[in-house]
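For the sequence shown, the positions run 52 to 289 when our numbering is used.
C-beta: ideal position from N, C-alpha, C; glycine also.
In what follows, a structure is listed as structure tokens, so that the remarks can point back to it.
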Amino acid sequence: MDSREPEGWRAWHTVVRLPEFPVEVDRTALVVIDVTYQQASRDHGVCKRIAEAGNGDDLVYYLDRMEGTVVPALQRLTAAFRAHGAPVIYTRCVSLRGDGSDQTWRHRSFGLVAGLNDHDSQMLDEIAPQPGDIVLNKTGSSVFTSTNCEHLLRNMGITTLVITGIFTNSCVEGTVRDAGDLDFRVLVAEDACAAMSPSGHRKAIEYLDGNFGHVKPTDEIVGLLEASADARLASVGS
Numbered sequence: 052m053d054s055r056e057p058e059g060w061r062a063w064h065t066v067v068r069l070p071e072f073p074v075e076v077d078r079t080a081l082v083v084i085d086v087t088y089q090q091a092s093r094d095h096g097v098c099k100r101i102a103e104a105g106n107g108d109d110l111v112y113y114l115d116r117m118e119g120t121v122v123p124a125l126q127r128l129t130a131a132f133r134a135h136g137a138p139v140i141y142t143r144c145v146s147l148r149g150d151g152s153d154q155t156w157r158h159r160s161f162g163l164v165a166g167l168n169d170h171d172s173q174m175l176d177e178i179a180p181q182p183g184d185i186v187l188n189k190t191g192s193s194v195f196t197s198t199n200c201e202h203l204l205r206n207m208g209i210t211t212l213v214i215t216g217i218f219t220n221s222c223v224e225g226t227v228r229d230a231g232d233l234d235f236r237v238l239v240a241e242d243a244c245a246a247m248s249p250s251g252h253r254k255a256i257e258y259l260d261g262n263f264g265h266v267k268p269t270d271e272i273v274g275l276l277e278a279s280a281d282a283r284l285a286s287v288g289s
């Protein structure tokens, strides 16, 4: 980008920006999007195909971020949510029929076809679901357009979402936009998301922040959960 080109999103935020909102631990859920072997492992799925096509060098940024930043951040977030009994929701791109016929044309064209029991469909072992977590089988990009996530969230009384996963500028961004339009309060854990390129991640984050939710680091989000839990305990004991 020409350094002289004005960045309109900065000007936009001088007059239009979502206000901050309280995080109530009993009304907040964590959403972990598509951190499966199919899309997040160097030895499987998409990344394996890219490397076999001779383009492994293009994966260095993405895989380094996933392994060194995103997975550790997800471990902290899932532990914090479980410690407070707050819902942890995972999604995965998967064909319920096994042949991709129930998935979108886009996903079939991209080769993102795996059955329920295939290894590629499973979450990375480092952040695997635990008893009580929810796993949604996603046949499209946005969590809201291809699963019954909204129905589950309304049933559980959830009003605030912490959204994480991959890819920042695709399934994560689509889910954040839909969540905002559905009137959920949204936090995006910046260091718990990744795109295939730094620019793809940065541009998505810059636009979403203040427009459809707020972008915050994992440690700050964990701190907000802890503060809410402490306040709840204090009110019960008073």
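- By the Cβ neighbour-count rule, Asp-232 is exposed, with fewer than 16 other Cβ atoms within 10 Å of its own.
- Residue environment: Asn-168 is assigned as exposed (fewer than 16 neighbouring CB atoms within 10 Å of its CB, all protein chains considered).
- In chain order, His-265 place their CB closer than 8 Å to the CB of Glu-71, counting only its own chain and leaving out the 5 sequence neighbours on each side.
- For Glu-241, the enclosing beta strand (DSSP E) begins and ends at 236-245.
- Taking each of Val-213, Tyr-112, Cys-98 in turn and checking the Cα distance to Glu-271, the smallest one comes out for Val-213.
- Arg-236 and Thr-210 do touch by the CB rule: their CB atoms are close to 6 Å apart, below 8 Å.
- Judged by DSSP secondary structure, Ile-185 falls within the beta strand (DSSP E) whose first and last residues are 185-189.
- Distance check between Ser-146 and each of Lys-189, Pro-123, Tyr-112 places Lys-189 closest, using alpha-carbon atoms only.
- Three or more Cβ pairs closer than 8 Å define a contact, and the stretch 116-126 meets that threshold against the stretch 172-191.
- Between Gln-89 and Leu-163, the C-beta spacing is below 8 Å.
- Of all alpha-carbon atoms in Ile-217, Asp-281, Arg-133, the one lying nearest the alpha-carbon of Ser-248 is that of Ile-217.
- Boundaries of the alpha helix (DSSP H) harbouring Ala-102: 96-103, taken from the DSSP string.
- The three-state secondary structure of His-135, taken from DSSP, is coil.
- In the DSSP secondary-structure assignment, Ile-178 is not bridged to any residue.
- Judged by DSSP in its simplified three-state form, Arg-78 adopts helix.
- The residues Arg-93, in chain order, have a CB closer than 6 Å to that of Leu-114 in the same chain once the five nearest residues on each side in sequence are set aside.
- In this model, Asp-77 and Asp-85 are separated by some 24 Å (Cα to Cα).
- Here Leu-81 is near Val-139, since their CB atoms are less than 8 Å apart.
- Taking each of Leu-275, Gly-274, Ala-245, Cys-222 in turn and checking the Cα distance to Thr-142, the smallest one comes out for Cys-222.
- The straight-line gap separating the alpha-carbon atoms of Ala-245 and Val-287 is approximately 39 Å.
- Looking at the DSSP output, Ile-272 sits in no beta bridge, so it has no partner there.
- Between Ser-193 and Thr-226, the C-beta spacing is below 8 Å.
- Listed as beta-bridge partners of Ser-146 by DSSP are Gly-166.
- Between His-170 and His-95, the C-beta gap is smaller than 8 Å, which places the two residues in contact.
- Note: Ile-84 is bridge-paired with Thr-142, Gly-216 in the DSSP secondary-structure output.
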